[in-house]
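In my numbering, the protein residues as written are 2 to 210. Even for Gly, the Cβ is constructed at its ideal location relative to N, Cα and C. From a predicted model like this one, the values you see are computed outputs, not experimental measurements. Accompanying notes for the structure given below.
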Amino acid sequence: MKKKIIKQIPNIITITRIISLIIGFILFCKEKFLYAIILYIYGAVSDFFDGYFARRLNAYTKLGKYLDAISDKLYSFSVMILLIINRSILIVIPLLLEGIISFVNYKIIIKYKSTHTERVGKHKMNLEFLMLISSMISIKIKYFSVVFYIFLILTIYFQIQTIISYINQFHNKSKEKIIDLKGKNIIEKIKFLFNEFIFYLIYPVKIIK
Numbered sequence: 002m003k004k005k006i007i008k009q010i011p012n013i014i015t016i017t018r019i020i021s022l023i024i025g026f027i028l029f030c031k032e033k034f035l036y037a038i039i040l041y042i043y044g045a046v047s048d049f050f051d052g053y054f055a056r057r058l059n060a061y062t063k064l065g066k067y068l069d070a071i072s073d074k075l076y077s078f079s080v081m082i083l084l085i086i087n088r089s090i091l092i093v094i095p096l097l098l099e100g101i102i103s104f105v106n107y108k109i110i111i112k113y114k115s116t117h118t119e120r121v122g123k124h125k126m127n128l129e130f131l132m133l134i135s136s137m138i139s140i141k142i143k144y145f146s147v148v149f150y151i152f153l154i155l156t157i158y159f160q161i162q163t164i165i166s167y168i169n170q171f172h173n174k175s176k177e178k179i180i181d182l183k184g185k186n187i188i189e190k191i192k193f194l195f196n197e198f199i200f201y202l203i204y205p206v207k208i209i210k
């Protein structure tokens, strides 16, 4: 029993991160910036620790993977929305890219019932947080806007890399599926190939290796 509870530590940390991000977003909208930033810092730090404890305790679960994916998306989208409120319409670009990332990730989860957050995606999240901080500082210190735009460009770059990474992940799983189809009947093979065609038709992004 005790062992089972200990193995839930990563999931508990992830759940507290989700709660902290929701509260942080509300506090930010109420202009309680200091408390909001503290909660977002907790969100960034706890993201490291839930992964650390999952590895340390060998406590990887499907629930943990889904919760981690949800918290990552919540973190990214809430930061983007706050930046639009606080800063500039330019944030629409990374917001749209974040939507594409979520779409591809969703396709992987639906089709293959599994996903994992790429390291490049974690770098992207850290840059999004730095972008939020620099945006707030630039309200008081105007020339700090330069720092904000640097982080904006870097964030867009890492978002594109994340999209490529997820699509490659989808493509690799597709190849694994093709191997699994050996020995299957022709109808199952046609159905699989049709689904793949529809995906790439809806989302025509070249896979870069």
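- In the DSSP assignment, Ala55 falls within the alpha helix (DSSP H) that extends over 34 to 57.
- A contact is defined here as three or more CB-CB pairs under 8 Å, and the segment 148 to 157 meets this definition with respect to the segment 127 to 140.
- Spanning the alpha carbons of Val46 and Met126 requires a straight line of approximately 11 Å.
- Excluding residues up to 5 positions away in sequence, Ile92, Met132, Leu133, Ser136 lie with their Cβ nearer than 7 Å to the Cβ of Leu84 in the same chain.
- With fewer than 16 other beta carbons inside 10 angstroms of its own, Phe104 counts as exposed.
- Below 8 Å, too few C-beta pairs join the segment 29 to 40 and the segment 59 to 72 to call them touching: fewer than three.
- The straight-line gap separating the alpha-carbon atoms of Ile10 and Leu64 is approximately 12 Å.
- Cβ-Cβ distances below 7 Å link Leu128 to Phe152, Leu155, Thr156, Phe159 in the same chain, with the five nearest sequence neighbours on each side left out; the list follows chain order.
- Between Ser77 and Phe26, the C-beta spacing is not below 8 Å.
- By the criterion of a C-beta distance shorter than 6 Å, Ile161 is surrounded by no residue of its chain, once the five residues flanking it on both sides are discounted.
- Secondary structure of Gln9 (DSSP, three-state): coil.
- For Ile13 and Ile168, the gap between their C-alpha atoms comes out near 30 Å.
- The three-state secondary structure of Ala70, taken from DSSP, is helix.
- Taking a C-beta distance under 8 Å as the contact criterion, Ile101 and Ile164 qualify as a contact pair.
- Pairing Ile24 with Leu40 gives a Cβ-Cβ distance under 8 Å.
- By the criterion of a C-beta distance shorter than 6 Å, Asp51 is surrounded in its chain by Pro11, Ile14, Thr15, once the five residues flanking it on both sides are discounted.
- Comparing alpha-carbon positions, the option among Ile7, Phe130, Ile42 lying closest to Ala55 turns out to be Ile7.
- DSSP, read as helix, strand or coil, puts Thr17 in helix.
- Counting of Cβ neighbours within 10 angstroms places Phe49 among the exposed residues, the total staying below 16.
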